[in-house]
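Given below as structure tokens:
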């Protein structure tokens with residue numbers, strides 16, 4: 008291939024190469040002196056910002072995990088307190104029911120004893136009343152029988168004599 012026939016831009020001569028190299032070195036020097044440090048500084052700042060953001064995200068994640076753990080602990084504690092309160096309420100309820108049952112038993116026994124005493128008292132009163140009535144009836148019957156048997160004086164005298172004999176026999 009013949010390089011002599013190519014345009015001069017593709018095949019630069021030595022003077023153009025020198026000036027291009029000099030211009031490149033000046034631009035490179037200016038960039039190295041002022042541009043690269045600014046770019047590196049911006050890249051470092053961006054890296055620091057990203058690292059800081061990652062650190063903050065990690066801290067936030069840890070805090071969130073801690074909050075979740077604390078929340079679970081609080082929930083567990085609340086469940087335990089709820090169970091304890093329910094247990095205490097059940098014990099209190101059982102104690103109240105037991106106390107009410109005991110009181111009902113005592114009241115029932117007291118009422119039964121009062122009823123028994125009342126029945127015994129009424130029984131004794133009824134027995135006394137029956138005895139009085141039997142005695143009254145016995146006296147009335149005896150009076151009627153005696154009146155029938157002792158219509159005459161001879162029968163009355165015989166009865167008196169027999170009674171006196173019985174009294175004297177019993178005294179001996």
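Residue numbers (the numbering used here): 8 to 179. Every residue, glycine too, gets a C-beta built ideally from N, C-alpha and C. Remember, predicted model here, so these are calculated numbers, not experimental data.
The alpha-carbon of residue 126 is positioned some 48 Å away from that of residue 93. In this chain, the alpha helix (DSSP H) harbouring residue 30 covers 21-37. Here the C-alpha atom of residue 39 lies approximately 54 Å from the C-alpha atom of residue 77. For the pair residue 84 and residue 90, the Cα-to-Cα distance works out to about 10 Å. In the structure shown, residue 165 falls within a helical segment according to DSSP collapsed to helix, strand and coil. Assigned with DSSP and collapsed to three states, residue 136 falls in helix.
For residue 55, the secondary structure class from DSSP, reduced to helix, strand or coil, is helix. A straight line joining the alpha-carbon of residue 29 with that of residue 71 spans about 59 Å. In the three-state scheme derived from DSSP, where H, G and I count as helix and E and B as strand, residue 109 is classed as helix.
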